[in-house]
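**Q** Here you go, one structure.
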Amino acid sequence: MANPNTNEIGKIQQLITKNPLAFVGSVFFLMFWITYFINIRKNESSEKAWKELYEKEKTEKDKLKDELLMKAGYIKQETIKQADSTLREKTQEQATTLLNQAK
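Residue numbers (the numbering used here): 14 to 116.
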């Protein structure tokens, strides 16, 4: 096979014929980066899916743990304390205004 005339070939083809090793290297470099970015996208989407699955399982385990603690009687005391504190916070302003009006 005869060597092609470089005067008749375009600029890119001239570069390829002058530096075939650089062309092969650039093709592999380009293929690597394309594959790399495709894999990054796949990893991001799978990371979101795994994170959602983790959150779902975590809430289910927390519910189960809360149920077990309720059966044991530990959480009931804590919920009563929380209810008292929220009731105090909500009615504190009303109570102070009523006391001020009574004076």
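The beta carbon of each residue, even a glycine, is placed where N, CA and C say it ideally should be.
May I ask which residues mark the beginning and end of the alpha helix (DSSP H) holding Gly-38?
**A** Working through the sequence shown from its first residue, we reach residue 38 at position 25. First-last of the alpha helix (DSSP H) with Gly-38: 33–85.
**Q** Determine the direct distance from the alpha carbon of Trp-63 to that of Gly-38, and round the result to whole angstroms.
**A** By 1-based counting over the sequence shown, the position of residue 38 is 25. By 1-based counting over the sequence shown, the position of residue 63 is 50. So the two alpha carbons sit approximately 37 Å from each other.
**Q** Taking Phe-36 and Ile-29 to be in contact with their CB atoms under 8 Å, please state how far apart those CB atoms are, rounded to whole angstroms.
**A** Translated into the one-based positions of the sequence shown, residue 36 becomes position 23. Translated into the one-based positions of the sequence shown, residue 29 becomes position 16. 5 Å between Cβ atoms; contact.
**Q** In chain order, what residues of the same chain have a beta carbon less than 6 Å from the beta carbon of Gln-107, not counting five sequence neighbours either side?
**A** In the sequence shown, the residue the question calls residue 107 occupies position 94. Within the same chain, Gln-107 has no close Cβ partners at all.
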